[in-house]
Amino acid sequence: SPPNFVLLFADDLGFGDLSCYGHPSSLTPNLDRLAAGGLRFTDFYCTSPVCSPSRASLLTGRYQTRSGIYPGVLYPGSRGGLPLNETTIAEVLKPMGYATAAIGKWHLGVGANGMFLPTRQGFDHYLGIPYSHDMGPCWNLTCFPPDVKCFGLCDVGTVTVPLMHNEVIKQQPVNFLDLERAYSDFATNFITTSAKKKQPFFLYYPSHHTHYPQYAGQGAAGRTLRGPFGDALFEFDNTIGNLLTTLEKTGVTNNTLVFFTSDNGPELMRLSRGGNAGPLKCGKGTTYEGGMREPAIAFWPGTIRPGVTHEMASTLDILPTIASLAGAKLPQVMLDGVDMTEILVNQEKSKRETMVFYPTDPAEKYGLFALRLGKYKAHFYTQGATHSGTTPDQDCPVFAVLKAHDPPLIFDLEADPSEHYPLPLTGKPDLQALLERIKKVKEQFEASMVFGESQISKGTDPDLEPCCNPQCSPKPGCCKC
Ligand SMILES: O=[N+]([O-])c1ccc(O)c(OS(=O)(=O)O)c1
Ligand SMILES: [Mg+2]
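Just remember that this note's numbering sits 137 ahead of the position in the sequence shown, which is counted from 1.
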């Protein structure tokens, strides 16, 4: 019978944040269990150093430049969103009879009359906050029990954060202390209902954890050595435990692929309340490894043998892989992802030889900033980012201005995963040959790339911000239910 899929997507979680990736004080027993019983990736990439573009690529198998989710991210009042003519993983699976649900952070558009929401993109059910939970004032909201206010101000001047059920606002502002329990119950009910009906299901759970401002309810707050960030991560891990228990109870564990990864690198700017990129350079907002190499785990007892793979793979590859495993038709569009079933099932080599790195704000005149070819990473442009500020590495903060490199900086990521030691190209014939290959790959990629109309350049309209009592005034403060 066709396999079920559970796609777990963390927010702003770094390559070094999980206990099974070496973090000394994080507490992630369920993710560690997935890693021990599944395939842990060491070279897995997202496609953008920030949220919305990365999520667009995950759900479509296409770079964000093709679907138009660039530059930057979507906001509560954005006019644009993931174009409805893009085919999401949910839409690939619906014709095969799958039940589909999305729970958590959408961040691919709300739009007029909720036209871009998950229920319009192939998901039967949605419960969540349609964008980052800092996109609304949080200084007066409770993030930890009994009444510890959230850290920082978040975005003042827009509506408070809404919890939506399908296309209806269920709560505004959301109560962060009850949120994870609501997500967990919604998810376990969805799994149980589908399993009882013997209907194959796709559960997409893009958690808000561990995005700023961190929050955690009873049972997670104060439970980890790592403090607030660790408690938020522990709450996410606990929900994952609930999902695994439900898969067991409903007897579908051996017929379900669980895949975990994260949307972009950690916010180093939050100091000890931020994430950790491990040995990788910089973090969120940059095209260094710390901004785009993510933790990733594939779990499917009886089908995927436990182990670690160093093969290169990406969020782009998840749609083609799920389509192949479900026997579903691929969308007839230019896909950038490749099927990685052979890596999962036979620990084969990856079909992916290259990975392209776009910055937060891609532009046709610059094109890709960096690319990886085999073990080599070439940077044609480098730039720091606000989200990667406060680290001792002077390449990471926003005052590390845009710099072109011709010839590109080239690193050997197997000998030097931290991108410390650029290879000396002069007088080395074999490196000159490598440089030529890299330039050829870049040319071919850029020739294939057609930038779709920017959805984010359509701007924002305050009237489009989700408001639970739209007739009220004065906006946005009156939107409370
Ligand atoms: O890249 N950005 O321009 C950007 C702006 C505001 C955010 O809150 C943000 O963070 S994100 O939404 O979690 O990616 C990113
Ligand atoms: Mg993010």
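Just so it is clear, CB atoms sit at the ideal spot from N, CA and C, and this is done for glycine as well.
Given the structure is predicted, the values throughout are model-derived calculations rather than measurements.
Label Asn167 either buried or exposed according to how many other C-beta atoms from any shown protein chain fall within 10 Å of its C-beta, with 16 as the threshold for buried.
If you number the sequence shown from 1, residue 167 lands on position 30. With 16 or more Cβ atoms within 10 Å of its Cβ, Asn167 is classed as buried.
So within the stretch 410–437, which uninterrupted alpha helix (DSSP H) runs reach at least 4 residues, ignoring any that extend past its ends?
The alpha helix (DSSP H) runs of length 4 or more contained entirely in the stretch 410–437 are, from start to end of the chain, 426–429.
Would DSSP call Tyr518 helix, strand or coil?
By 1-based counting over the sequence shown, the position of residue 518 is 381. DSSP places Tyr518 in strand when its eight states are reduced to three.
Let me check understanding here. Comparing Cα to Cα, which of Thr329, Pro416, Leu408, Ala369 lies closest to Thr383?
On the sequence shown, position 246 is the one that residue 383 refers to. Taking the Cα of Thr383 as reference, the smallest distance to any Cα among Thr329, Pro416, Leu408, Ala369 is reached at Thr329.
Between Leu472 and Asp154, which are expected to be in contact by the criterion C-beta below 8 Å, what is the C-beta distance as a whole number of angstroms?
Sequence index remark: in the sequence shown, residue 472 carries index 335 (1-based). Sequence index remark: in the sequence shown, residue 154 carries index 17 (1-based). Their Cβ separation, rounded to whole angstroms, is 30 Å, which puts Leu472 and Asp154 out of contact at 8 Å.
Taking 6 Å as the cut-off, is the CB of Asp292 close to at least one heavy atom of ligand 2?
Within the sequence shown, the letter at position 155 stands for residue 292. Flag unset: Cβ of Asp292 not near ligand 2.
Ser622 - containing alpha helix (DSSP H), residue span:
In the structure as shown, the chain starts at 138 and stops at 618, and residue 622 therefore has no counterpart that could be examined.
Taking just the CA atoms, how far does Phe506 sit from Pro534?
The residue labelled residue 534 in the question sits at position 397 within the sequence shown. The residue labelled residue 506 in the question sits at position 369 within the sequence shown. Rounded to whole angstroms, Pro534 to Phe506 spans 17 Å at the Cα level.
Do the stretch 197–213 and the stretch 279–286 touch if we need at least three Cβ pairs shorter than 8 Å?
The answer is no - the stretch 279–286 does not touch the stretch 197–213, with fewer than three Cβ pairs under 8 Å.
Give the secondary structure of Leu168 by DSSP, where H, G and I count as helix, E and B as strand, and everything else as coil.
One-based indexing of the sequence shown puts residue 168 at position 31. In the structure shown, Leu168 sits in a helix (DSSP, three-state: H, G or I).
Cβ-based burial, Glu426 [other Cβ within 10 Å; buried from 16]:
For the purposes of this step, residue 426 is taken as the residue at position 289 of the sequence shown. Looking at its Cβ environment, which holds 16 or more other Cβ atoms inside 10 Å, Glu426 is buried.
Candidates Ala465, Ser461, Lys466, of which the one nearest Leu481 by Cα
The residue given as residue 481 occupies position 344 in the sequence shown. The alpha carbon of Leu481 has as its nearest neighbour, out of Ala465, Ser461, Lys466, the alpha carbon of Ser461.
Output the residues surrounding ligand 2, defined as those with a CB atom closer than 5 Å to any ligand heavy atom, in chain order.
In chain order, the residues that have a beta carbon nearer than 5 Å to some heavy atom of ligand 2 are Asp148, Asp149, Cys188, Asp400, Asn401.
Count the CB pairs spanning the stretch 474–490 and the stretch 451–458 that are closer than 8 Å, and state whether there are at least three.
Two segments are said to touch when three or more pairs of C-beta atoms, one from each, lie closer than 8 Å; by this definition the stretch 474–490 touches the stretch 451–458.
Quick check: does the Cβ of Gly209 come within less than 6 Å of any heavy atom belonging to ligand 1?
Locating residue 209 in the sequence shown gives position 72, where the first residue counts as 1. Checking every heavy atom of ligand 1 against the Cβ of Gly209, one is found closer than 6 Å.
Asp549 - partner residues in DSSP beta bridges
Stepping through the sequence shown from its first residue, residue 549 is reached at position 412. Partner(s): Tyr513.
Check for me: the alpha helix (DSSP H) holding Ile226 runs from which residue to which?
Here residue 226 is taken as the residue at index 89 of the sequence shown, counted from 1. It spans 226–230 - the alpha helix (DSSP H) in which Ile226 sits, taken as one unbroken run.
By how many angstroms is the C-alpha of Cys188 removed from the C-alpha of Thr398?
Position 261 of the sequence shown, counted from the start, is the residue given in the question as residue 398. Position 51 of the sequence shown, counted from the start, is the residue given in the question as residue 188. Straight-line Cα distance between these residues: approximately 13 Å.
Put Gly199 into one of helix, strand or coil per three-state DSSP.
By one-based count along the sequence shown, residue 199 stands at place 62. Sequence inspection shows Arg at residue 199; the Gly mentioned does not correspond to that position. Coil at Arg199, not helix or strand.
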